[in-house]
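The sequence shown begins at 143 in our numbering and counts up one residue at a time. Notes to accompany the following structure.
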Amino acid sequence: RSKIAVYEKMWSYMKSAEPSVFTKTTADGVARVRKSKGKFAFLLESTMNEYIEQRKPCDTMKVGGNLDSKGYGVATPKGSALRNAVNLAVLKLNEQGLLDKLKNKWWYDKGECGSGGGDSKVSLNVTTI
């Protein structure tokens with residue numbers, strides 16, 4: 143629960159909106175954006191948003207900056223002997239810049255929509271929500 147007034151206002155609207163603004167899957171949310179003719183925005187994590195933006199039919203875009211920042215994560219069973227090795231490998235790949243290079247390769251270099259680079263095309267801030 144947020145103590146930020148604008149987020150509280152957004153949540154209040156979202157939970158009472160009809161039809162519901164919530165979707166069961168990311169694919170459902172993206173499909174709704176595409177069919178809405180600009181009347182629906184879908185909140186999703188930035189990495190998936192940037193990936194979808196670079197896939198045909200090239201009709202979505204990321205708006206504004208990220209709401210927060212998260213790192214990479216890999217799940218292992220509790221107590222797994224792999225945990226430390228995987229953590230160290232991911233840290234090393236990140237420090238070497240390889241994770242960013244791989245993301246750029248698969249999101250943008252092999253994208254279907256031309257240049258994008260994940261930069262926002264429209265400025266968005268708390269007052270324009």
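Note that beta-carbon positions come from the ideal geometry of N, C-alpha and C, so glycine has one too. Quantities reported herein were computed from a predicted structural model and do not represent experimental measurements.
When DSSP labels each residue in this structure, what does residue i get in the three-state scheme?
{"i": "residue 171", "result": "helix"}
{"i": "residue 203", "result": "coil"}
{"i": "residue 178", "result": "coil"}
{"i": "residue 145", "result": "coil"}
{"i": "residue 253", "result": "coil"}
{"i": "residue 198", "result": "coil"}
{"i": "residue 87", "result": "For residue 87 there is no data in the structure shown, the boundaries of the chain being 143 and 271."}
{"i": "residue 214", "result": "coil"}
{"i": "residue 220", "result": "coil"}
If contacts are defined as beta-carbon pairs under 8 Å, then residue i and residue j qualify, I think. What distance do you get, rounded to the angstrom?
{"i": "residue 214", "j": "residue 232", "result": "6 Å"}
{"i": "residue 172", "j": "residue 182", "result": "At roughly 10 Å, the Cβ-Cβ gap does not stay under 8 Å, so residue 172 and residue 182 are not in contact."}
{"i": "residue 191", "j": "residue 204", "result": "5 Å"}
Starting from residue i, trace the alpha helix (DSSP H) both ways and give me its first and last residue.
{"i": "residue 234", "result": "224-237"}
{"i": "residue 194", "result": "188-195"}
{"i": "residue 209", "result": "Premise fails: residue 209 is in no alpha helix (DSSP H) and is neither H nor E."}
{"i": "residue 245", "result": "240-245"}
So does the stretch 204-223 actually touch the stretch 165-173, counting three or more Cβ pairs closer than 8 Å?
no
Do the stretch 233-242 and the stretch 177-185 meet, that is, are 3 or more Cβ pairs less than 8 Å apart?
no
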